Amino acid sequence: MSPGTFHICGTVSIETRGAGFYALGPELQRFLTRRNAGSGLLSVFCTHTSASLCVQENADPDVLTDLSAALRGLAPEGGPYRHRSEGPDDMPAHIKTMLTAVQISLPVRGGRLALGTWQEVYLIEHRAAPYRRRLELDFIGTA
Amino acid sequence: MSPGTFHICGTVSIETRGAGFYALGPELQRFLTRRNAGSGLLSVFCTHTSASLCVQENADPDVLTDLSAALRGLAPEGGPYRHRSEGPDDMPAHIKTMLTAVQISLPVRGGRLALGTWQEVYLIEHRAAPYRRRLELDFIGTA
Amino acid sequence: MSPGTFHICGTVSIETRGAGFYALGPELQRFLTRRNAGSGLLSVFCTHTSASLCVQENADPDVLTDLSAALRGLAPEGGPYRHRSEGPDDMPAHIKTMLTAVQISLPVRGGRLALGTWQEVYLIEHRAAPYRRRLELDFIGTA
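Chains as they are written, first to last, in this note's numbering: chain A, 1013 to 1155; chain V, 1013 to 1155; chain U, 1013 to 1155.
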């Protein structure tokens, strides 16, 4: 049995510049290193309803382009939405958020994010305008 | 480094009255307060395969109406399903569950759920009939 | 308040034999039993971007067949994808991964996975070829 676990939390903000995928790995790794996280889980929680999270391929940027197109196909602008007061891209953004993830817990080993070889963690911005997106981070584990 | 973490668990049941979104925030907050949770993560796990979870907008109810319609579009009743023995809304309910979330970990700060300003946690009931839905709760963190 | 929590981690590999659902419950239960996990949360993280996770019905296999068909409908082979270098089933596999789950935390009670009566945890293989899929496991809780 390992020694007892501790909890550390913090916040990071991501400035988005339009719809698309924003890699979070380097920022999350800085948090882990600065706070002496060793082995455990890092939870990332997106505090918004028109931006979300996913873990996806880090190699061919065409994958991210195709993922954006797939989301547009599943939640098209110009659909028969009742909620229209915040612009034509707002209701599609809520649907895309529902279909992806608002929170993910990532394994941490020896102070490093232990993702797969081809994986990166992304914030997906679903709105066209620039936003400041706030993520709540929680590490629970050992030193 | 914070003091060691503890774990508390419990169950809440939600009585649903047809398909739609049921806000969980007040019930989850009661659990945290009653059990003296301070700072950490609250995991919510839905023990069913035709109801699920999401974090979504708490302001304009039209958003929830549009989300329901989007799910109906992605998993229509009357599709060419093999599984039909439990009624026409059952297989669409399984698909909607797969496309949303069965489990979410929520940040807790100072004894309060630390969601974004416009966020609420919802149980999404996908069946038309009333059901009693059981959620497993786990808080891991500090006092 | 319960005694302090501990963290244990490990890896399991699943050999897939084509697209479909692979039950993980027995393998996860072996991990919990071997490592003397008592009560807490077991996180399962899929280290791939063309395979993913879900919790779904364990009774009628037609449900899984219909879920596979639903995913094919939402992310068809032969779509207008830019990413084609890894075969016609690769980009659909990335989309299916985005729409389902890369990580789920499961409640554990008295050393047992505490799923609902009709629930099983599945790895969803989205590729046609056989693969060796690696899952990172983290238990945080008490003995």
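Here a beta-carbon is modelled for each residue, glycine too, at the ideal position from N, C-alpha and C. On a predicted model such as this, the values are computed, not experimentally measured, just so you know.
- Just so you know, the alpha carbons of Val1114(A) and Ala1087(U) end up roughly 21 Å apart.
- Within the same chain, Cβ atoms closer than 7 Å to the Cβ of Glu1039(A) are found at Val1024, the five residues on either side in sequence being excluded.
- Around the beta carbon of Glu1132(U), 16 or more other beta carbons lie within 10 angstroms, which makes this residue buried.
- The criterion of a C-beta distance shorter than 7 Å is not satisfied by Asp1150(U) and Pro1015(A).
- At a cut-off of 4 residues, the continuous stretches assigned as alpha helix (DSSP H) that sit fully inside the stretch 1082-1149 of chain A are 1102-1111.
- When C-beta distances to chain V are compared with 8 Å, the residues of the stretch 1054-1079 of chain U below that value are Cys1066, Val1067, Gln1068, Glu1069, Asp1072, Asp1074, Val1075, Thr1077, Asp1078, Leu1079, in chain order.
- In this structure, Phe1033(V) lies away from Tyr1143(V), with their beta-carbon atoms at least 7 Å apart.
- Counted as a single uninterrupted DSSP element, the beta strand (DSSP E) harbouring Gly1022(U) occupies residues 1018-1029.
- Cβ proximity to chain V below 9 Å picks out Leu1086, Ala1087, Gly1091, Pro1092, Tyr1093, Arg1094, His1095, Arg1096, Ser1097, Glu1098 from the stretch 1077-1099 of chain A.
- Around the beta carbon of Ala1082(U), a 10 Å sphere encloses 16 or more other beta carbons of the protein chains shown; the residue is thus reported as buried.
- Taking C-beta atoms under 8 Å as the contact rule, Arg1145(A) and Ala1063(A) qualify, at a distance of about 5 Å.
- The shortest CA-to-CA distance from His1019(V) to any of Glu1027(V), Gly1050(V), Asp1101(V), Ala1035(V) is the one to Gly1050(V).
- Excluding sequence positions up to five before and after Thr1154(V), its CB lies within less than 7 Å of the CB of Ser1014, Pro1015, Thr1017, Gly1050, Ser1051, Gly1052, all in the same chain and listed in chain order.
- Along the stretch 1113-1126 of chain A, the positions whose C-beta sits under 8 Å from a C-beta of chain U are Ala1113, Ile1116, Ser1117, Leu1118, Pro1119, Arg1121, Ala1126, read in chain order.
- In the displayed model, Leu1036(A) falls within coil according to three-state DSSP, outside both helix and strand.
- For Leu1044(U), the closest alpha carbon among the candidates Arg1124(U), Ala1140(U), Ala1141(U) is that of Arg1124(U).
- In the DSSP assignment, Leu1065(V) forms a beta bridge with Ala1113(V), Leu1135(V).
- Residue pairing for Ser1080(A): DSSP places it in no beta bridge.
- Shown here for Ile1116(V): same chain residues with a beta carbon closer than 6 Å to its own, the five before and five after excluded, namely Val1056, Leu1065 in chain order.
- Your pair Thr1028(U) and Glu1137(U) checks out as a contact, with CB atoms roughly 4 Å apart and the cut at 8 Å.
- Among the CB atoms of chain U, none fall inside 7 Å of the CB of Ile1136(V).
- Boundaries of the beta strand (DSSP E) around Gly1052(U): 1051-1058.
- For the pair Arg1084(V) and Met1103(V), the Cα-to-Cα distance works out to about 12 Å.
- At a cut-off of 7 Å between C-beta atoms, Gly1050(A) does not count as an interface residue with respect to chain U.
- Sequence-distant partners of Glu1089(A) (beyond 5 residues in either direction) whose C-beta falls short of 7 Å from its own C-beta, in its chain, are Pro1100, Asp1101, Pro1104.
- For the pair Ala1140(A) and Glu1098(A), the Cα-to-Cα distance works out to about 12 Å.
- A Cβ of chain U is located within less than 7 Å of the beta carbon of Gly1128(A).
- Among the residues facing chain V, Leu1036(A) is not included, as its CB has no counterpart in that chain under 7 Å away.
- Within chain A, the residues whose beta carbon sits less than 7 Å from that of Thr1017(U) are Gly1016, Thr1017, listed in sequence order.
- Thr1109(U) has a beta carbon lying at 7 Å or more from every beta carbon in chain V.
- Interface annotation, Ile1152(V): in contact with chain A, CB-CB separation under 7 Å.
- Counting only residues of its own chain and dropping the five nearest sequence neighbours on each side, Ile1152(A) has a CB closer than 7 Å to the CB of Thr1017, His1019, Gly1052, Leu1053.
- C-alpha of Arg1096(U) to C-alpha of Asp1078(A): approximately 10 Å in a straight line.
- Short of 7 Å from the beta carbon of Asn1070(A), and not among the five residues preceding or following it, lie these beta carbons of its own chain, in chain order: Trp1130, Gln1131, Glu1132.
- Excluding residues up to 5 positions away in sequence, Met1103, Pro1104 lie with their Cβ nearer than 8 Å to the Cβ of Gly1091(V) in the same chain.
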